[in-house]
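Working notes for the structure below.
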Amino acid sequence: MSERVKLSRVESEFEKLDYPVTRDDAASEFIDVTVTFADGEANLGELVSEMGSDAFHGPDELYAELQNVLPVEAVGEPGQSDGDA
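Structure, rendered in structure tokens:
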């Protein structure tokens, strides 16, 4: 059964893992989780699989790397201007 989690709650999901954890193991743990954000959604397992590190020693490391692979829709608010007016 798939689960939906808001981006603001992802870090608490990461806290449920036993550390250290490999990228592949973390990705498979979250393959049925959809993360929702301001203007879209993505599969959390797929996002984790795109991270650069091979292993993580805590939820903070995992969450920090998540920031590097989030799609552009996850940043900011819908319709927010970049200030190029």
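Start counting the sequence shown at 300; every next residue gets the next number (our numbering). All residues carry an ideal CB built from backbone N, CA and C; glycine is no exception.
Coil, strand or helix - residue i by DSSP
| i | result |
| --- | --- |
| residue 357 | coil |
| residue 329 | coil |
| residue 349 | coil |
| residue 256 | In the structure as shown, the chain begins at 300 and stops at 384. Residue 256 is therefore absent and cannot be evaluated. |
| residue 302 | strand |
Nonlocal neighbours in the same chain, by C-beta distance under 6 Å from residue i, ignoring five residues either side
| i | result |
| --- | --- |
| residue 312 | 304 |
Identity of the residue in the options nearest residue i by Cα
| i | options | result |
| --- | --- | --- |
| residue 350 | 315, 308, 370 | 370 |
| residue 357 | 320, 301, 308, 302 | 320 |
| residue 301 | 344, 331, 368 | 331 |
| residue 345 | 339, 334, 355 | 334 |
| residue 372 | 337, 342, 318 | 337 |
Own chain partners of residue i with C-beta closer than 8 Å, once the 5 adjacent residues on each side are dropped
| i | result |
| --- | --- |
| residue 360 | 352 |
Cβ shell of residue i (< 7 Å), same chain only, five flanking positions each side left out
| i | result |
| --- | --- |
| residue 310 | 358, 362 |
| residue 347 | 322, 325, 326, 329 |
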